[in-house]
Amino acid sequence: MNSKHLLCYLLLIIGMTGPTAFGKHPSTSGIDEKYFLHPMICMDSKGVDCSKLKLGDSYLSTSSPARGKLYSCNPKNPSAPGSRAERITWIDFINNKWNLFEKLWLPEGNFQTPEGTYSETITENGRIIEANNVPKDSKIGDWPMNKHQILTEIDANPGVPAVKSLNFLFAKQPVWSDSPSCLSLGAIGITNNGIVLYSAADARGNDALAHEIVDIYGGHPARDEYHYHFIPERLDVQRLETGHSGVVGWILDGFPIHGYYGIGGKEMTNKDLDECHGHQHGSIGYHYHATMEYPYTVGCYRGKIQQITSKNFDQRRLAGDDPPRNNSGVNRLNVIADQLGVNVEELRRAVGSPPPDFKRAARMLKIDEEQLRRIFKKYR
Ligand SMILES: [Zn+2]
Ligand SMILES: [Zn+2]
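Each residue of the sequence shown is one higher than the one before, starting from 1063 at the first, in the numbering used here.
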């Protein structure tokens, strides 16, 4: 085969396996290739078909865990801020599917962060993880998004990732629970490149990865808190002897989350996992798995959420079942408003001057009074 033939042959292969093989939506043709992503895990015929991913919007449950669903502590909240569904071309709302190859992602640009840090220390009290809220491998998109009108028209997220200290303390010995617990909005764990992991749901309770613009490295900011709603595949590089993926992060109940592949290198799907999106085998014990299928990371907490104390840590800064605290001095009400998915000014008016009037606020914001009390207590 001469070089010209080889080139044609290669182009043919790329043509067959590339996104064009799935057919592009007419409205995405003509858009710069830098806005698209073609993860390796989606480029073969094994595992889930990334051109027809299950849209998670209707797979959120607040009553009980179930396989393939997200057991959420927060009900859906359609009035929370988020992207503009009518501008999204890659979701098929009739058949509840979304096409990852047609989704737009924020490309790389000039935005740079200081070096990311991540450290893991095992003490008698537990596993202490400290990070600085920016990726250890410095891979991050062109935040803020406002240089990319094509994206801000869909999702007006004004956030800019910033350095701030994150401290997590995880149980060294996770405790199995026969009745798994629900996931709150905000952090459910941390990945081993120092980025906070959120559940699959956005503030509205929709499928965050399908609806929101994230960068080509998989994250986006909530104000300054950069986070993932799924596991970027570049984190899944370690392989155990069995071909099984290594640990890519830690979940608040103390169990680890591994990458996309099970024993023999088989791509995991919900069928292989329990209602919390994990399983146990061999010497690894219980662990969660990343999948390209909703809920992507964790469906519920299989382990008990333990309140752990450590001499070296200020209890109020521990993760526990709380999202990590914002140590950079951002207004507490902003954080609460964000957690509740409401406008901060509305929240201010609703609770009135201190002490907060929870009854009135619950009525005005159409939020459960107990939920409101809980979240105020959390950020006291
Ligand atoms: Zn998010
Ligand atoms: Zn496994």
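Using N, Cα and C, we set each Cβ at its ideal position, and we do this for glycine too.
Query, Result
"Whole angstroms are fine: how far does the CA of alanine 1249 sit from the CA of aspartate 1264?", "12 Å"
"Mapping the DSSP letters down to three states, classify threonine 1331 as helix, strand or coil.", "coil"
"Please classify leucine 1427 as buried or exposed, where buried requires at least 16 other C-beta atoms within 10 Å of its C-beta.", "buried"
"Evaluate the contact criterion for the segment 1336 to 1346 versus the segment 1102 to 1119: three or more CB pairs, one atom per stretch, below 8 Å.", "no"
"CB-CB under 7 Å to leucine 1213, same chain, minus the five flanking residues each way: which ones, in chain order?", "Leu1166, Leu1168, Met1207 and Ile1275"
"By the three-class DSSP mapping on this structure, what secondary structure does isoleucine 1313 have?", "strand"
"Do the segment 1228 to 1240 and the segment 1172 to 1192 touch if we need at least three Cβ pairs shorter than 8 Å?", "yes"
"I'd like the span of the alpha helix (DSSP H) that includes arginine 1285, first residue to last.", "It is not in any alpha helix (DSSP H) - arginine 1285 carries neither H nor E in the DSSP assignment."
"Going along the chain, which residues of its own chain have a beta-carbon closer than 6 Å to the beta-carbon of glutamate 1182, five neighbours each way excluded?", "Ile1191"
"With a CB to CB cut of under 7 Å and the five nearest residues on each side skipped, what residues in its chain are close to glycine 1361?", "Pro1127, Lys1131, Leu1132, Tyr1133, Glu1337, Cys1338 and His1339"
"Is valine 1310 near threonine 1353, with beta carbons less than 8 Å apart?", "no"
"Rounded to the nearest angstrom, what separates isoleucine 1398 and phenylalanine 1438 at their Cα positions?", "7 Å"
"Alpha carbon to alpha carbon, what distance is there between glycine 1344 and glycine 1221?", "42 Å"
"Count the other C-beta atoms from every protein chain shown that fall within 10 angstroms of the C-beta of threonine 1371, then say buried if there are 16 or more, exposed otherwise.", "Legend: pLDDT at threonine 1371 = 46, less than 50; position of this residue unreliable, value from coordinates given subsequently. By the neighbour-count rule (16 or more Cβ atoms within 10 Å), threonine 1371 is not buried but exposed."
"Any heavy atom of ligand 2 closer than 7 Å to the CB of histidine 1446?", "In the structure as shown, the chain starts at 1063 and stops at 1442, and residue 1446 therefore has no counterpart that could be examined."
"Cβ of leucine 1122 within 8 Å of Cβ of asparagine 1158?", "no"
"Let me know if arginine 1266 comes out buried or exposed under the rule of 16 or more other beta-carbons within 10 Å of its beta-carbon.", "buried"
"In whole angstroms, give me the CA-to-CA distance for asparagine 1405 and alanine 1424.", "14 Å"
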